[in-house]
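Report on one structure; see the data block that follows.
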Amino acid sequence: LLSTETVKRHKPATETYQWAVQSLGVPASEVLMVSMHGWDVAGALYAGMPAALILRYSQSPYPLAPQPTYMASNLVTLAEALDNAQVI
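Going by this note's numbering, the sequence shown runs without a break in its numbering and finishes at 75.
Quick look at the structure:
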């Protein structure tokens, strides 16, 4: 369990995402952040992580951030797209 309370910063602060990947012991480029909040995806992108936006409840990409690496209508669709792309 990772919590922003540990790092004393809240998302979308870049430090929270950097702390999470350091805690996991992997490079940011090897972690996929999945969220249905554009601001959360933007924070991950700015921290060097690929990110997927789930387009539910009229969510949209954060307009001042790079476009999400992936966008899908739900988790099943995202998983199928990742599987078909043979993303590892």
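By construction, the Cβ of each residue, glycine as well, lies at the ideal position given by its N, Cα and C atoms.
query: Does DSSP classify Val21 as helix, strand or coil?; result: strand
query: Taking three-plus beta-carbon pairs below 8 Å as touching, is the segment 9 to 16 in contact with the segment 38 to 46?; result: no
query: Does the distance from the CB of Ala59 to the CB of Ala52 come in under 8 Å?; result: no
query: Along the beta strand (DSSP E) that carries Leu40, what are the first and last residues, could you check?; result: Ala38 to Ile41
query: Suppose the cutoff is 8 Å on Cβ atoms and the five residues either side in sequence are ignored; what does the same chain contact list for Lys(-5) look like?; result: none
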